[in-house]
Amino acid sequence: MSELALEAEALHKRFGAISAAEGITMGVPKGAIWSLIGSNGAGKTTFVNMVTGYVKPDHGRIAFEGRDITRLSPRQITRLGIRRSFQIPQLCAGLSVLENMLISLTINGEHPPSFWRPASHATEVDRAIDILERFRIADYRDRLMGELPAGVRKLLDIAMAMSGHPRVMLLDEPTSGVAAEEKYPIMDLVMEALSAEEVTILFVEHDMDIVTRYSQRVLAFYDGRIIADDAPDEVLADPDVQRYVTGEL
Amino acid sequence: MTLLRSVPAASALAFAALVLAGFVLPDWAMFLVTMAFAKGLVALGIVGLMRGGLVSFGQGLYFCIGAYVSGLMANWTGITDIFLLSLLGVLAAGAIGTIFGPLLANYRGIFFAMLSLSLSMILYGALSKMTTLGGTDGLNVAAPTFLGYAPEGRPLGLALYLYTSAIVVLVGGLMRGLFNSQRGLIALAIRDNELRIEYLGASVRTAMAINYVIAAVLGGLGGVISGLAIGHVDPEFSFWTTSGEFVFVAILSGYLSIPAVFVGSILLEVVRSFSNLYFPNTWQLALGIFLLLVIVLLPRGLGSLTLRRRKAKEQA
Ligand SMILES: Nc1ncnc2c1ncn2[C@@H]1O[C@H](COP(=O)(O)OP(=O)(O)OP(=O)(O)O)[C@@H](O)[C@H]1O
Ligand SMILES: [Mg+2]
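Chains as they are written, first to last, in this note's numbering: chain P, 3 to 251; chain H, 276 to 591.
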């Protein structure tokens, strides 16, 4: 049991007439890198929202390393080590790129945020710039969110989510909006940074090349259910997946 | 100019200037500045809340608690020392703020504003009915002493002015430190995106509650000084128009500069005194037009003037 990082048991969620989850069950082993695919509205983001406590399932159970987290708040779940990035980047619009990164480092620092230590202390600024450089967005450090290209926003969102030693990382469409030539470098960077610490990764993705290249296993969502769950090649060859997800049939 | 960037140096300079001014200002102006500073402290607390996206329309509650503490302590226990009274007022306001802070921190926008307003109006109503505390007439407050020094006449006004100036410079410096700190940046981030902050693992509610308690403490401190300066306290201290003035100053000043809050507060007192004198029935109109102009011309408040100058200098 304890070898599983994340478990979901029969998760159900309805939004009015729409069923966004209808018996989602999975057990993700520690260190696994899995992807979630599915057409628009299939329930992928809803799943991420349920795991991270933003949306409560109508019934079903979610456990992290054997511990029930179904009723915990996003903050409590984050504190336990489950981190996420957002399909629509969640940034602080009035702050610069550097300040956004500083916020993330401050909250996840060794000490609780201080009432006295300057937010722009050289130590934290250096670390923040370091991370921005790794994500190749350091040139934008003084820009506000409104002035940023969509891809930069996405990367900043991921960079913020990754600070603070996640044990499970949920990435909601990490490469959407990112320029084509940036997709692989970004995925390489994220995977490299996370694999060093044996982080369990689930990523939602529409680009099947990325799915095949980076995930060990693929879960295909359709109408709130998982219709295929196997190695990438098997799932992509599945007729149901081709009909309902990739649109090849 | 680089000297002014250092908070202690700027504070020391500001204090020196205020002390010098104290010896040349006429009595009425010294009283005006003392009152403006005391109320500016309350407004500064609102500015701290505004940085996190909240506006309290009920800071009169803490202003009034501080004022009544200074009045009642003198009447009941004979304590007149201003340092001790300030400490007691701050403790009382802080204690009440610690009770309400965590409750109010769950609310946002108009709900937060109205709840804070209603708390202050409850105190207003209660005080108005309590004849033991003077009812609507309020209480007279004995003149304060300063560590045994008991001045009268102009020296009393000067001593109060200097005490208030010292507090303003000290509190201003501390608040600048707080605003620049890690907590200060988190407050700004909360105003932008609470969801993100929760998802980074910080408690938005705790941050809001802390800002609320700080605002309560500053409200109490401003109340103690005002009560002592006027020599009289009454339930009006907790009335909604009093709270409205604090919000007025906070919006007028914006959250970019701390000195701007005290300049804004002085401006309000000046406009009030002069319009009261020349157009006694329409001074609120003058005030309204004034605020409207500031909002249109300087949407981020008077404080943004300093920002523009700094930017211009950096580009030069
Ligand atoms: N908060 C909500 N309120 C109402 N309906 C919602 C809510 N969140 C999701 N839904 C609905 O639930 C269904 C699943 O949405 P979800 O966002 O999980 O899909 P998705 O697989 O992430 O799709 P996409 O690829 O477009 O991101 C959709 O029909 C959506 O409209
Ligand atoms: Mg989605």
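Each residue gets a CB set at the ideal place from its N, CA and C atoms; glycine is no exception.
Q.
If you follow the alpha helix (DSSP H) that residue 358 of chain H is in, where does it begin and where does it stop?
A. Numbered from its first residue, the second sequence carries residue 358 of chain H at position 83. First-last of the alpha helix (DSSP H) with residue 358 of chain H: 357-379.
(Q) Between the alpha carbons of residue 502 of chain H and residue 580 of chain H, how many angstroms are there, rounded? (A) For the purposes of this step, residue 502 of chain H is identified with residue 227 of the second sequence, where counting begins at 1. For the purposes of this step, residue 580 of chain H is identified with residue 305 of the second sequence, where counting begins at 1. Computed Cα separation, rounded: 32 Å.
Q) Looking at C-beta atoms only, is the number of pairs between the stretch 484-491 of chain H and the stretch 358-372 of chain H that lie closer than 8 Å three or more? A) yes
Q: Whole angstroms is fine: what's the gap from residue 340 of chain H's alpha carbon to residue 360 of chain H's?
A: Counted from its first residue, the second sequence places residue 340 of chain H at position 65. Counted from its first residue, the second sequence places residue 360 of chain H at position 85. One C-alpha to the other measures close to 12 Å.
(Q) Within 8 Å of any Cβ in chain P, is that where the Cβ of residue 493 of chain H sits? (A) Sequence index remark: in the second sequence, residue 493 of chain H carries index 218 (1-based). For residue 493 of chain H, the answer is no, since every Cβ of chain P falls outside 8 Å of its Cβ.
Q: Could you tell me the boundaries of the beta strand (DSSP E) in which residue 8 of chain P lies?
A: Position 6 of the first sequence holds residue 8 of chain P. First-last of the beta strand (DSSP E) with residue 8 of chain P: 6-17.
Q | Separation of residue 301 of chain H from residue 543 of chain H, as counted between CA atoms | A | For this step, residue 543 of chain H is matched to residue 268 along the second sequence. For this step, residue 301 of chain H is matched to residue 26 along the second sequence. Approximately 19 Å, taken between the alpha carbons.
**Q.** Proximity of residue 96 of chain P and residue 466 of chain H at Cβ, strictly below 8 Å
**A.** Position 94 of the first sequence, counting from 1, holds the residue named residue 96 of chain P. Position 191 of the second sequence, counting from 1, holds the residue named residue 466 of chain H. Yes, they are a contact pair.
(Q) Taking the straight line between their C-alpha atoms, what separation do you get for residue 415 of chain H and residue 78 of chain P? (A) Counting from one through the second sequence, the residue named residue 415 of chain H turns up at place 140. Counting from one through the first sequence, the residue named residue 78 of chain P turns up at place 76. Spanning the two alpha carbons is a distance of roughly 52 Å.
Q. Going by alpha carbons, who is nearest to residue 44 of chain P out of P:23, P:249, P:57?
A. The count along the first sequence starts at 1 and reaches residue 44 of chain P at position 42. Here the closest residue by C-alpha is P:23.
Q. Should residue 369 of chain H be listed as close to ligand 1, given that the test is whether its C-beta is under 7 Å from any heavy atom?
A. Counted from its first residue, the second sequence places residue 369 of chain H at position 94. Not under cutoff, so the answer is no.
Q: Write down every uninterrupted run of the alpha helix (DSSP H) in the stretch 129-166 of chain P whose length is 4 residues or greater and which is fully enclosed by it, in chain order.
A: 152-164
Q. So who's on the other strand from residue 326 of chain H, going by DSSP bridges?
A. Start at 1 with the first residue of the second sequence, and residue 326 of chain H comes out as number 51. The partner list for residue 326 of chain H (beta bridge, DSSP) is empty, contrary to what the question assumes.
(Q) Is residue 39 of chain P close to chain H? Criterion is C-beta to C-beta, closer than 8 Å. (A) Mapped onto the first sequence, residue 39 of chain P falls at position 37. Taking Cβ atoms only, chain H never reaches closer than 8 Å to residue 39 of chain P, which makes this a no.
Q. Of the choices P:118, P:241, P:28, whose alpha-carbon is the least far from that of residue 65 of chain P?
A. Reading the first sequence from its first residue, position 63 is the one you call residue 65 of chain P. When P:118, P:241, P:28 are compared, the shortest CA-CA separation from residue 65 of chain P is found for P:28.
(Q) So the candidates are P:201, P:198, P:243, P:199; which of them puts its Cα closest to the Cα of residue 220 of chain P? (A) Mapped onto the first sequence, residue 220 of chain P falls at position 218. For residue 220 of chain P, the nearest C-alpha among the options comes from P:243.
Q. So, is the C-beta of residue 117 of chain P closer than 8 Å to a C-beta in chain H?
A. Numbered from its first residue, the first sequence carries residue 117 of chain P at position 115. Yes - at least one Cβ of chain H is within 8 Å of the one on residue 117 of chain P.
(Q) Looking at the strands, I want to know which residues DSSP matches up with residue 424 of chain H. (A) Taking the first residue of the second sequence as position 1, residue 424 of chain H is located at position 149. Its beta-bridge partners are H:421.
**Q.** residue 454 of chain H: CB within 7 Å of a non-hydrogen atom of ligand 1
**A.** The residue given as residue 454 of chain H occupies position 179 in the second sequence. For ligand 1, not one heavy atom lies less than 7 Å from the Cβ of residue 454 of chain H.
(Q) What I want to know is whether the C-beta of residue 502 of chain H ends up closer than 7 Å to one or more non-hydrogen atoms of ligand 1. (A) By one-based count along the second sequence, residue 502 of chain H stands at place 227. No, the beta carbon of residue 502 of chain H sits no closer than 7 Å to any heavy atom of ligand 1.
Q. By the criterion of Cβ-Cβ separation under 8 Å, what are the contact partners of residue 92 of chain P in chain H?
A. Locating residue 92 of chain P in the first sequence gives position 90, where the first residue counts as 1. The answer, in chain order, is 468, 470, 471, 474.
Q. Name the chain P residues whose beta carbon is nearer than 9 Å to that of residue 461 of chain H?
A. Residue mapping note: residue 461 of chain H aligns to position 186 of the second sequence, counting from 1. Going along chain P in sequence order, the residues near residue 461 of chain H (Cβ under 9 Å) are 105, 108, 109, 115, 121.
Q. Hey, would you say residue 348 of chain H sits closer than 8 Å to residue 354 of chain H, going by beta carbons?
A. Within the second sequence, the letter at position 73 stands for residue 348 of chain H. Within the second sequence, the letter at position 79 stands for residue 354 of chain H. It is a contact, given that the beta carbons lie within the stated cut-off.
Q: Tell me whether residue 176 of chain P is buried or exposed, calling it buried when 16 or more other Cβ atoms sit within 10 Å of its Cβ.
A: The sequence position of residue 176 of chain P within the first sequence is 174, counting from 1. Buried, because 16 or more other Cβ atoms sit within 10 Å of the Cβ of residue 176 of chain P.
Q: Could you please give the first and the last residue of the uninterrupted beta strand (DSSP E) stretch that includes residue 24 of chain P?
A: Residue numbering aside, residue 24 of chain P sits at position 22 when the first sequence is read from its first letter. Start and end: 20-31.
Q: Check whether the Cβ of residue 47 of chain P sits closer than 7 Å to any heavy atom of ligand 2, and report yes or no.
A: Translated into positions along the first sequence, residue 47 of chain P becomes position 45. Checking the Cβ of residue 47 of chain P against ligand 2 gives yes.
(Q) Pop quiz: residue 605 of chain H and residue 203 of chain P are said to be a contact at Cβ under 8 Å. What is the actual Cβ separation, rounded to whole angstroms? (A) It is not possible to answer for residue 605 of chain H, since the shown part of chain H is limited to 276 through 591.
Q. Taking the continuous beta strand (DSSP E) assigned at residue 40 of chain P, which residues delimit it?
A. Translated into the one-based positions of the first sequence, residue 40 of chain P becomes position 38. Annotation for residue 40 of chain P: the continuous beta strand (DSSP E) segment containing it runs 35-40.
**Q.** Of the listed residues H:482, H:433, H:324, H:528, nearest to residue 262 of chain H (C-alpha basis)
**A.** Here chain H has residues from 276 to 591 only, and residue 262 of chain H is not among them.
Q: Below 7 Å between beta carbons is the criterion; list the residues of the stretch 439-465 of chain H that meet it against any residue of chain P, in chain order.
A: 452, 453, 455, 456, 457, 458, 459, 460, 461, 463, 464
**Q.** chain P contacts from the stretch 279-300 of chain H (Cβ-Cβ distance under 7 Å)
**A.** Flagged: no residues at all.
Q) Does the Cβ of residue 334 of chain H lie closer than 7 Å to at least one heavy atom of ligand 1? A) Counted from its first residue, the second sequence places residue 334 of chain H at position 59. Residue 334 of chain H: no, Cβ never under 7 Å from ligand 1.
Q.
So, under 8 Å CB-CB, residue 317 of chain H and residue 519 of chain H are touching, yes? Tell me the CB distance rounded to an integer number of Å.
A. In the second sequence, residue 317 of chain H corresponds to position 42, counting from 1. In the second sequence, residue 519 of chain H corresponds to position 244, counting from 1. Contact flag wrong, Cβ pair sits at about 12 Å.
Q. Going by DSSP, which residues form a beta bridge with residue 171 of chain P?
A. Against the first sequence, residue 171 of chain P aligns to sequence position 169. Per DSSP, P:85, P:203.
Q) When you compare only the Cα positions, how much space is there between residue 541 of chain H and residue 315 of chain H? A) By one-based count along the second sequence, residue 541 of chain H stands at place 266. By one-based count along the second sequence, residue 315 of chain H stands at place 40. Cα to Cα, the separation comes out at about 8 Å.
Q | Where residue 3 of chain P sits in the DSSP three-state scheme | A | Counted from its first residue, the first sequence places residue 3 of chain P at position 1. Its pLDDT being 44, under 50, residue 3 of chain P is placed unreliably by the model, and the measurement read from it follows with that caveat. Judged by DSSP in its simplified three-state form, residue 3 of chain P adopts coil rather than helix or strand.
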